[in-house]
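The sequence shown begins at 365 in the numbering used here and counts up by one.
Glycine is no exception: its CB is placed at the ideal position from the N, C-alpha and C atoms.
For reference, the structure is listed below as structure tokens.
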Amino acid sequence: MSPTTPATTAVRATTAVRPGLARGLIELRQSFTNGGDLLSHLLWPVLMLAVLYAVRNREFGGDGLLLGTLALPSVLGMNAALGMVSMSQHLTADREDGTLLRAKAVPDGVRGYLIGKVVTVGGGLLADLAIFLVPALFIVDGLAVGPGSWPTLVWVLVLGMAATLPIGAILGSVFSGARAQGLIQLPVLGMIAVSGIFYPVTALPDWLQVVAQLTPVYWLGLGMRSALLPDAAAAVEIGASWRHLETAGVLGVWAVLGLAIAPVVLRRMARRESGSGLAARREKALRRAA
């Protein structure tokens with residue numbers, strides 16, 4: 365067996381990245397040409413826009429901020445965080461239909477598969493956010509959208525997805541059954557509940573504020589608010605500051621940990637996959653359907 369060198373490792377990484385990117389882009393394009401997938405891309409933004417329109421003129425508290433103004437970055441942050449659930453569901457579906465088993469048979473196929481799924485889920489998520497955000501900017505008043513808002517929004521989104529999507533891949537590998545998907549949503553919803561996305565985290569007990577700051581969802585929501593809300597809104601945040609450096613640092617740590625752990629967990633799950641196991645699961649599913 366030839367020894368593994370940095371050069372061979374780089375070549376293997378490249379051979380996984382290229383087909384992974386190609387696969388992800390193909391799946392992403394298909395999701396916008398398939399009727400059912402296209403409806404799912406449009407349904408959430410339309411529903412959220414209707415909610416924003418209904419609350420656009422209601423004031424929040426006595427600080428003069430409108431409820432719709434505060435809700436817009438919250439909706440963006442929540443949907444970005446729910447990308448974890450989408451990633452987990454994709455992995456479970458591909459395990460059930462044999463896609464992951466076929467990827468396992470290709471050299472570096474699991475790594476390429478994971479890259480493709482990040483492109484598919486991340487690209488679909490960005491498209492959904494854009495479909496929602498563009499008309500929302502014309503519906504909601506009081507936003508502080510300036511030249512610096514867009515770079516902040518971009519880096520927060522990129523770092524946020526890099527921090528959260530690998531968590532979805534890990535959860536989808538550990539809880540790999542279709543029935544377990546309901547259990548996966550519980551910790552994700554729990555993180556969202558204490559993250560301060562829908563109300564100031566400073567209203568929570570001190571120990572819950574500490575817990576919230578350990579999750580990437582809190583920092584994702586804080587970054588969204590810093591990009592779109594006026595500086596006066598930072599008064600209800602911890603330290604009365606948007607804390608950009610801390611946001612980048614914590615999201616960066618989560619991204620590094622997730623991108624390092626997710627491929628390992630996914631490969632271990634893929635090694636347990638076999639044709640006989642897939643056939644047994646299909647037979648069991650048919651018996652339940654009957």
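Report task. Give the secondary structure of E423 by DSSP, where H, G and I count as helix, E and B as strand, and everything else as coil. Result -> strand
Query raised in the report: Out of curiosity, what's the CA-to-CA distance linking V410 and F496?
Result: 7 Å
Query - 7 Å CB neighbourhood of Q549 in its chain, flanking five on each side removed - result: V449
Query raised in the report: Thinking C-beta only, is G613 closer than 9 Å to G524?
Result: no
Requested in this report: Count the other C-beta atoms from every protein chain shown that fall within 10 angstroms of the C-beta of A469, then say buried if there are 16 or more, exposed otherwise.
Outcome: exposed
Requested in this report: State the DSSP-derived secondary structure class of L535, mapped to helix, strand or coil.
Outcome: helix
**Report entry** Bridge partners - L407, DSSP secondary structure assignment
**Finding:** In the DSSP output, where bridge partners are listed per residue, L407 has none listed.
Query raised in the report: Under 9 Å between the Cβ atoms of A494 and L436?
Result: no
**Report entry** Straight-line gap, V600 to G476 (C-alpha atoms, nearest Å)
**Finding:** 43 Å
**Report entry** Helix, strand or coil at L430 according to DSSP, with G and I counted as helix
**Finding:** strand
Report task. Give the secondary structure of F396 by DSSP, where H, G and I count as helix, E and B as strand, and everything else as coil. Result -> coil
Query raised in the report: Whole-angstrom Cβ separation of G400 and S452, contact assumed at under 8 Å?
Result: Rounded, the Cβ-Cβ distance is 19 Å, inconsistent with contact.
Query raised in the report: Tell me which same chain residues have a C-beta within less than 6 Å of the C-beta of V552, skipping the five on either side of it?
Result: M448 and V449
Query raised in the report: Can you name the start and end residues of the alpha helix (DSSP H) that F496 belongs to?
Result: G473 to I503
Query raised in the report: If you check the beta carbons only, do T528 and G622 fall under 9 Å apart?
Result: yes
Query raised in the report: Which same chain residues, not among the five before or five after G384, have their C-beta less than 6 Å away from its C-beta?
Result: G476, I479 and G480
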